[in-house]
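Take a look at the structure set out below.
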Amino acid sequence: MKILIVYETLTGTTQYVTEVMQAKLTEFGHQVDLHSVRYQGQQPELSNYQVLLFGAPTYEDGKLEQGMRVFIAKCKENLSGYKVAVFGLGNSTYPLFCKSADILEEWVTQQQGRVAIPTLRIDGFPDDISPIENWIVQLDQALKSGS
């Protein structure tokens, strides 16, 4: 399947996570493109993909970074025809841990989308990538089963 991962990154951690995801999904035979909303002002053409992943870090008091806020404000596409998954990064020492993921889930629902698997929440820098890879295995299984 053609998969697009739309993400925001501040320190490079989210980009690292998306590259781990891309590598694992490619192993499973999917074609995966990455789109950073931080560095690419142009909106991606979502209709070129069957699967959409959205991810961002949480910053300050449970906020999305500006790039992702602009992206979701501009993206008016109905997401009902897509398989969607969400991931967020945060620090569990803060009270609004991975609030970015909650915001993205809510936006997906507002756009008539449905999250295909439980959202991945990553605490700090992922020294151990196995939770990311396990989440991708779960996503791949959901895609193959038609969930």
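So for the sequence shown, the working numbering puts the first residue at 149; every next one is plus one. Glycine included, C-beta positions come from ideal geometry on N, C-alpha and C.
Reduced DSSP category for residue i - H, G, I as helix; E, B as strand; rest coil
i, result
"residue 185", "coil"
"residue 204", "strand"
"residue 271", "strand"
"residue 264", "coil"
Length of the line joining the Cα atoms of residue i and residue j
i, j, result
"residue 255", "residue 217", "10 Å"
"residue 257", "residue 290", "19 Å"
"residue 191", "residue 264", "23 Å"
"residue 177", "residue 262", "23 Å"
"residue 212", "residue 205", "7 Å"
"residue 272", "residue 186", "20 Å"
"residue 209", "residue 235", "18 Å"
"residue 243", "residue 153", "27 Å"
"residue 283", "residue 158", "22 Å"
Delimiting residues of the alpha helix (DSSP H) encompassing residue i
i, result
"residue 221", "214 to 222"
"residue 291", "278 to 293"
Delimiting residues of the beta strand (DSSP E) encompassing residue i
i, result
"residue 150", "150 to 155"
Contact belief for residue i with residue j at Cβ below 8 Å, rounded distance in angstroms
i, j, result
"residue 233", "residue 201", "5 Å"
"residue 182", "residue 225", "Incorrect: roughly 19 Å between the Cβ atoms, too far for contact."
"residue 237", "residue 165", "7 Å"
"residue 169", "residue 280", "6 Å"
Burial state of residue i (16 or more Cβ within 10 Å)
i, result
"residue 317", "There is no way to answer for residue 317, as the model of the chain reaches only from 149 to 295."
"residue 160", "exposed"
"residue 150", "exposed"
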